[in-house]
Every structure is written in C-alpha cells, then in structure tokens.
Amino acid sequence: MSEPSRAPLSPAPLLEVRDLRVSLGRGRARTEILHGVDLSVASGEIVGLIGETGSGKTTLARTVLGLARIDSGAVTLGGTDVGSIPGRRLRAFRRAGLAQYVFQDPLQSLDPQLSVESSVGEGLAVRGGLRRDELRARVLDALDLVGLEPSFADRLPSELSGGQRQRVAIARAMVLEPGLLICDEPVSALDAASRGQVLELLAGLPSVRELGMLFISHDLGSVASITDRIVVLYRGVIVESGSTERVLTEPRHPYTRLLVGSAPTLRGGAADRGTRAELRALLADHH
Amino acid sequence: MFLRAIRQPLGAVSVGILALVLLLAILGPLLAPYDPLVGNAREILAGPSAAHWLGTDPLGRDVLSRLLAGSTLSLVSAAEAVALGLLLGVIPGLLSVYLGRTFEWITLRLMDSLITLPFLVFAIALTALLGNGLHQAMFAVGILVAPGFYRVSRAAALAVVNSPYVEAARLVGASPLWVLRTHLWSKVAPTVAVTTATMMGAGLVIVSALTFLGIGVQPPEPTWGGMLATDLGYLYQRPYGPFIPATLIMLTVGAFNGLADALQDSSRSSRTPSSRTVARLRKVAHV
Amino acid sequence: MSDPLLSVRDLRVALADGTELVRGVSFSVERGGSLGIVGESGSGKSLTCRAVLGIIPEGVAVTSGELAFDGVDLRALSYEQWMPLRGRRISAVFQDPGSYLNPSIPVGRQLAEALRASSALTRPEARARAIELFASLGLREPQRVARQYPHELSGGMLQRVLIAIAICADPQLLIADEATTALDVTVQAEVLDVLADLAATRELAIVLVSHDLAVVAQVCENIVVMRDGVIVESGPTSTVLGNPQHEYTRLLVADHERYGIEKYLAARELARV
C-alpha cells in the first residue's frame, strides 16, 4: 500500500464519509450510534459539526481516526479508505500524520510529566529520522504558529493556563503537518478570554497551512464564528447541512430550529420560549 | 523522587539507618571480632564488656559477631522474597492492561486467591513440601507478596493507559512499547518503589518470625529471629538479651517503612502542581 | 411599597490574611424579581452567593456589610437558626448536579424525602407530589424518571431534579450558581425556560449567576456585572446590555457579539421584515 499523499487543493475532498454506520458496545448491549452519516471536508475549508451529548459526534470523530470499527459505509482520508487498513499498517498510516486531533480537555490531553517540547515533538520522535536539534526547531516552529514563545518549550503543563495548554495541543497536532485537523470541543473548557484567542488561532490556520478542519462542538457561538459550512448531527443522523449563514439564518429541520432558538442571545428569550416548547414537543413526538 | 525523599527528615533518617544496616550486612563477616560459630565455654552469658561489646550467648559465642552474620542472612532472604514478588506481580500487572480481557480475568482471579492465603502458614506449609530451607520459605513469601505489586502496577497502568495523552500518542503512531517507555513507566515506578520498601519491611518481619520458630535455618547458623528465641529462654540470666536482636529488627523494619512513607510523599508532591498553580487552573476551569 | 426581599449592602469577604475577595458589593432583589450576576472566575460572584446562603468555605469570612433577607439579618444567624431558612425560604442549585444527589437512592425518593422534611406529607402523598413536581418542570415520563438513579439520568434531567428539590418547599428566593454551565445548548435553554417559568408562576425571586451574559439575559430583569470583587455596572438588563457604560461590560458585550450567533440572528430578523 502506498503512503497516503498530502491532499492538494484539489476538488476531491480530503475527508469523505459515506453512509457510515458505527455501533458501540458488546454483545447484547451493542447499539448503533451512527445511522448512515454522510460528510465531507475539503482542504481549505472549516466544517462545523454541531452535535449535543448523545448525538454520536465523538464516535464519528473516533471513527475517522480509526479508533472505532466501521459496521458499514466508508471513511476516506486523502484517498485512502481508513476502514480497510489492516491493523499493523494503521500505525504507519498514523505516523504519516494525515489527520490529527485536538482533544477537548486541556487538563488531561498533555502528559503532566513531559515538558511542552516532549509532548509537541512526540509525533516527530515516533516517526524518527530527525536529529535532536532538527526536532527542536520543528517544535519551536509549531509553537510559533500557535503564538507561544520558545520559552514555553521547557515548561511543564502544570505551569500553563487552559488556553495555553490548548494551544500546545494544537501545536502538537500541527507539527506533523496534517491535511485534516479534527477539533473536538476545543474551547468548551476555556474561559471567555482564552476562548476568543484559540478560536481566532484555529480560524486562521487554513490560510497559513494547507489544511481542512472539522470543528465539532455543541456551542453554536464558536461554530458560527469560524466555520464555512455547518453539518448538524442529531441522534446519529445528519439532519441538516449547508453554509453557516444559511443554516443559522434559515434552519429547516425542527432540531436545527430548536438549536438556533436555544442559543442564548443578549436580547433575551421571551419571544422564543413558546416556539422552543413547540419544537421540543415536535421532536419528542418523533420518538 | 528518591533524592527528594532523602531531603525530608524521615527519609534521611530511614535511609541512614538502612545504609548502616546494609553496610553491616556486607562487611559484617569481615568486621566481626570473633567467629560467630565458635563459643568460648569460659564466657557463657557474659554481660557487655570491652572484649564482647554486646556480651555472649548461652554457648559463649560473641553476640555482636552473631548479629553481624545474621544481618546478611536476614536482609538477603527478605530481598529474595521481594524480588520474586516484584517480578511475579509487576509484569502481569502491566500486561493485564494490554493483553485483553481473558488474561486480565485470569490474573485478577489468581491474585485475588493469593491474597487470601496467610503468609506464615503458607510459608511453613511450603517448607514442609519443598524442604526446610529459608530460601524455600522466602519463595513462598515471594509468591504471596506478588498480588500487592500486581494491584499497584495495574492501577497505575490503568490510570495512564486510558488517558487522552496516551491516546494522542497512539494517534501519532506510537507503539505500545513507546507508550510504556515514555508515559507509563515514570508513573508506575514510584508506586512500585513505595511498595518495594514496604514489602522489604514486611519480608524482614516474616524472616524473623520464621527463624524465631526455627524454620528454615539450622543451628548453629546465626539469625536475628533465632537469637531472639534463644535469648527468651535465658531471660533470667540475661534480661536485656532479647532486646538486642529485637531492637535491630524493629529499627530496620521501621526504617523500611519510613523510607516507603518518604518515597510516597515525595512522589505525590512531584505529581501534584503547587497550590498556586492549582488556584490558577481552577480559575480557568470556572470553579 | 415593599422593601426588597434580599438586600446586600457593602458586602466584604476576605481571606484570613486580609486579602479581600469581595470588596463592597451592594445589590437588592425584589420579591418575585430576577437578578443576574455576571462575571469571570475570580470576580467574586460565587463567593457573594455563598455569603448570602451562609456557606462560605474555610479560611474565608465575611468581614463587613449587611445581608438582610425579608427583614432577617443573615450575618447574625447561628447554624441552628439557618435551618428553617435554607432550603425552605432560600434555596440554591449549583453547577454539577450529579454530585449533590445520593448515587444509591432513586431520585424520586430523594425528592420525596425533601418534601417530607419540609411539610407534613405522608409517604404516598410525598411520592405523588414528587411526580407532579417533575412533570411541572418538563420532565417527560415523570414516573419513570422518579424510579431512576442519578447515574442513569443526563445532566439536564439531573439539574431539573435538583431544581425540584430546591423549590419543593416553596421558597421565596432561588439562587442558581452556574447551574447551566455544563449543559448542552438545547438543554440549557430548557432549564432556563423552566427557571423563567417558575419566576413567573410562583412569585419566586431568582438570582442567576453566570459567566455568560446571554444566559443571564434570558431570564433576568436586572443585571449586575462583577469584576475583581466589585460591581462595575448594574441596572435593568436591557439598559445595561443595550447601552453598556463601563468598559468591562462593553468588552463582554463585544466579545459575545463576535463569538456568538447574534449577527446571524440580526440578519434573520432583517430578512423577515
């Protein structure tokens, strides 16, 4: 099998998910989480996946990364069918670093005993083939990309704020020069100031690196601020997709309308309360 | 972690005592002023004097020389048991996290059964089976000490293996060996070290108990426990007699436990960030 | 002309070494009114609430100021004197609902226990009333929910269980401290709708504390913005958010407009017209 090549800004999408069905659990407790999901991300675009708890968004992210088994359907990354890679080759595929992941919890995503440099450079070290100074140079580059000074390289995670840790996590993902970056609730655990900074950082990445991004969140605000397209996942099914503007200004599916109607606004919610109640009843009736 | 342990007063004192005992055990036979096996019939049960610092035993043998000779035996036997326990415990403990449910289940049930067996009785039973030697007895003790190591290393491994940073390492193509070396070992080693120190203390108590009962060692071989037993028989003539080996046993075991405590304290403080950092992290996490 | 239900005047809370965490905070809540307290972590908002509830942590103390609830001086109350107030007349819900419930008892029974503690209901009556309460808070299939254990319920449902417990004795004031922070968007809206509904139908005064301006804007008529232990701006919600005077408030509003979906909603409004 050939090494997956970095996807150029071609019309062919970087990530293509087709009719994906994934189940979790063992034996009798096995339940289908994703019921035929379609999704695509092209290089240069930021796609927002909106899903709440129980929607299956984390399962979707994990499946794309090869961490969950596919029941049926296909996940294609840069032309390679992820589901058909045999176990041993999977590690090699991962070392190539086509898709990288930014975790939600800044407190746990970095090894507390490793310095920032060690954590960020781990992917490169695993790959091998770089001298110590080359590795450090790449790490410093990645830190610079996320707006952290070289002095951060020797610090421990416990010395950093949540926003800084999240930036280190992004640097760790970016140092391998991935084609696809998957961010799972990257700013949910951050305070408002850090949130804005990290969102701006993420928004700017596709323009400085050849990159496609899948931004997963339940927070409409963050999704609205940086994505080009939105895909709405509800109970394992994509119920709506379209440009960010269209989905937010003219939501069609009742769930999307409930989502948009639920997002807290500064003008208060008295007018929408009734609509929300109607939509909830409507959705409840469907199950 | 070890160095930090020594800097604490408890750690320093414990290590000091143990170093002394170790020195005596190694150099003992050379330093002994008299042959521990040869008795001077003219000086039975003598009190401490310039010639015999700790006096003589019922057969006229120099107590100090016997203590020194016995120290080697006691320490070596305890170390045997602990080393065996470590190997039989830590390796399955770490593997149980990686090798799947069947292996996990088997080792768990095995260790659970071993924990129920009483140390002394099992040791005695095994010497009856394998022959009356201290090595056989300590072999039995080693087996019984393994579950402690198993649980400790397994718990540490479980906590690490399921964390996001290990998953991040896997996502960049790290092999299980890499994960073990980079992330797992530094977190398992401290707890294993603490357990080792504690078990050395326990092992020493057991050696003393066994030799006190006359198991495993043939007279006239000197052992601390054996000397204690003999001394108790001549309490009238030498009332201070038993205190000598007893104090030595207590001091050494106490030192091992003290070392274990110091190691535990120092390992905990290296893993938890300072209170100021915790406060800062809490602010960020909206607490 | 009634005096306010809750009156806080020049409240100061400090650490043992004298560092002040709340530095002269004053506000009041009318009967049946709603007040939002907005601030980042470290602003002192939670500590203020805890002072009102009489549950300040160790090492911290109220050093000066007046705390009056329906004419009662809260600072002068002993532990025993607090009992008839807490949970009965002043109630609270906090951020992590699961940790405030007994994990080994079904939630219906926990609510029934709370009901029996505050009124003379018999067991069957309390059980029935519990189910009624669950239903009134929008929990679908309330009988089923009542039988479930905390770990079987989602965050939104748990929060509603806690609200049920908090209001079962018909309190006059409910304090919700970051009660919806950890919840999904639609669930948060549901809980906020429940709170707004309660305020409207039960003459229940609500104090809603959050770091999110918009959350507070959904429910509260009045708002207070805190920063570093002091109030930087206060007033009716529409005024403060529509025309913020203080720089910090303006910052918060601007931040929300940048990273919220306000601009899309505004566009939608225009499109409709």
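Residue numbers (the numbering used here), protein chains in the order written: chain H, 527 to 813; chain G, 32 to 318; chain U, 762 to 1034. Every residue, glycine too, gets a C-beta built ideally from N, C-alpha and C. Just so it is clear, the structure is predicted and the values come from calculations on it, not from any experiment.
Can you check whether the C-beta of residue i is within less than 9 Å of a C-beta belonging to chain H?
i	result
G/LEU130	no
U/VAL774	no
U/SER802	yes
U/GLN920	no
G/SER217	yes
U/ALA950	yes
U/LEU900	no
U/LEU1026	yes
G/HIS214	yes
U/VAL968	no
U/THR1000	no
U/GLY916	yes
U/ASP945	yes
U/LEU796	no
Using the DSSP secondary-structure output, state which residues sit across from residue i in a beta bridge.
i	result
U/PRO996	Reading off the sequence shown, one finds Gly at residue 996 of chain U, where the question assumed Pro. Its beta-bridge partners are U/ILE984.
G/SER144	Per DSSP, none; premise fails for G/SER144.
H/ASP710	H/ILE742
H/ILE572	H/MET739
U/ALA853	U/ILE936
H/THR602	H/GLU542 and H/ASP607
G/THR87	G/ASP93
U/LEU772	U/VAL786
Buried or exposed, going by whether 16 or more other CB atoms sit within 10 Å of the CB of residue i?
i	result
G/HIS17	Residue 17 of chain G cannot be examined here, being either before or after the span of chain G that is shown, 32 to 318.
U/ASN863	exposed
G/ILE137	exposed
G/ARG92	buried
U/ILE936	buried
U/GLU726	Here chain U has residues from 762 to 1034 only, and residue 726 of chain U is not among them.
G/LEU294	buried
G/ASN193	exposed
G/LEU189	exposed
U/TYR1025	buried
H/THR518	Missing from the structure shown is residue 518 of chain H; chain H here goes from 527 to 813 and no further.
G/PHE64	Contrary to the premise, residue 64 of chain G reads as Pro rather than Phe in this sequence. G/PRO64 is exposed by the Cβ-count criterion.
U/MET844	exposed
U/GLN904	exposed
G/SER298	buried
U/ASP834	exposed
G/LEU208	exposed
Would you verify that the beta carbon of residue i is, or is not, closer than 9 Å to some beta carbon of chain G?
i	result
H/PHE741	no
H/ALA618	yes
Would you verify that the beta carbon of residue i is, or is not, closer than 9 Å to some beta carbon of chain U?
i	result
H/GLU685	no
H/LEU479	Nothing about residue 479 of chain H can be read from this structure; chain H reaches only from 527 to 813.
H/HIS744	yes
H/GLU804	no
H/SER531	Its pLDDT being 43, under 50, H/SER531 is placed unreliably by the model, and the measurement read from it follows with that caveat. Output row for H/SER531: interface = no.
H/SER748	yes
H/LEU586	no
H/ALA789	yes
H/THR606	no
Residues of the segment 970–995 of chain U with a CB closer than 7 Å to any CB of chain H: list them in chain order, please.
-> HIS972, ASP973, LEU974, ALA975, VAL976, ALA978 and GLN979
If you pair each beta-carbon of the segment 199–207 of chain G with each one of the segment 614–623 of chain H, do three or more pairs fall below 8 Å?
-> Contact between the segment 199–207 of chain G and the segment 614–623 of chain H is present: three or more C-beta pairs spanning the two stretches fall below 8 Å.
Do the segment 999–1006 of chain U and the segment 782–795 of chain U make contact, defined as three or more Cβ pairs closer than 8 Å?
-> At 8 Å Cβ cutoff, the stretches do not touch.
Cβ contact (3+ pairs, closer than 8 Å) linking the segment 956–963 of chain U and the segment 873–886 of chain U = no
Validate contact between the segment 573–582 of chain H and the segment 752–761 of chain H using beta carbons, cut 8 Å, 3 pairs | yes
Cβ-based contacts, 7 Å cut-off: residues of the segment 193–211 of chain G near chain H | SER194, PRO195, TYR196, ALA199, ALA200, LEU202, VAL203, GLY204, ALA205, SER206 and TRP209
Going along the chain, which residues of the segment 1011–1023 of chain U sit with their C-beta nearer than 8 Å to a C-beta in chain H?
-> Taking 8 Å as the Cβ-Cβ cut-off, the segment 1011–1023 of chain U approaches chain H at LEU1013, VAL1014, ASP1016, HIS1017, GLU1018, ARG1019, TYR1020, GLY1021, ILE1022 and GLU1023, given in chain order.
Report yes or no: do three or more beta-carbon pairs, one from the segment 710–720 of chain H and one from the segment 647–662 of chain H, lie closer than 8 Å?
-> no
Of all the residues that make up the segment 646–664 of chain H, which are near chain G by a beta-carbon distance shorter than 8 Å?
-> GLU648, GLY649, VAL652 and ARG653
How about the segment 66–83 of chain G and the segment 218–237 of chain G: do they share at least three Cβ pairs that are nearer than 8 Å?
-> no
The segment 666–679 of chain H contacting the segment 590–602 of chain H, beta-carbon criterion three pairs below 8 Å = A contact between stretches requires three or more CB pairs, one per stretch, nearer than 8 Å, and the segment 666–679 of chain H fails this requirement with the segment 590–602 of chain H.
Say whether the segment 731–749 of chain H touches the segment 557–571 of chain H, bearing in mind that this needs 3 or more beta-carbon pairs closer than 8 Å, one atom from each stretch.
-> Output reads yes: the segment 557–571 of chain H touches the segment 731–749 of chain H.
Just by C-beta distance, which residues in the segment 629–640 of chain H are closer than 9 Å to chain G?
-> Residues passing the 9 Å Cβ filter: PHE629, GLN630, ASP631, PRO632, LEU633, GLN634, SER635, LEU636, ASP637, PRO638, GLN639 and LEU640.
Stretch-stretch touch, CB-based, cutoff 8 Å, three pairs: the segment 269–280 of chain G with the segment 798–808 of chain H = Touching, no.
Cβ-based contacts, 9 Å cut-off: residues of the segment 715–733 of chain H near chain U | ASP717, ALA718, ALA719, ARG721, GLY722 and LEU725
Do the segment 144–163 of chain G and the segment 208–224 of chain G meet, that is, are 3 or more Cβ pairs less than 8 Å apart?
-> no
Given 8 Å, three or more beta-carbon pairs between the segment 968–988 of chain U and the segment 937–956 of chain U | Under the Cβ criterion (8 Å, minimum of three pairs), the segment 968–988 of chain U counts as touching the segment 937–956 of chain U.
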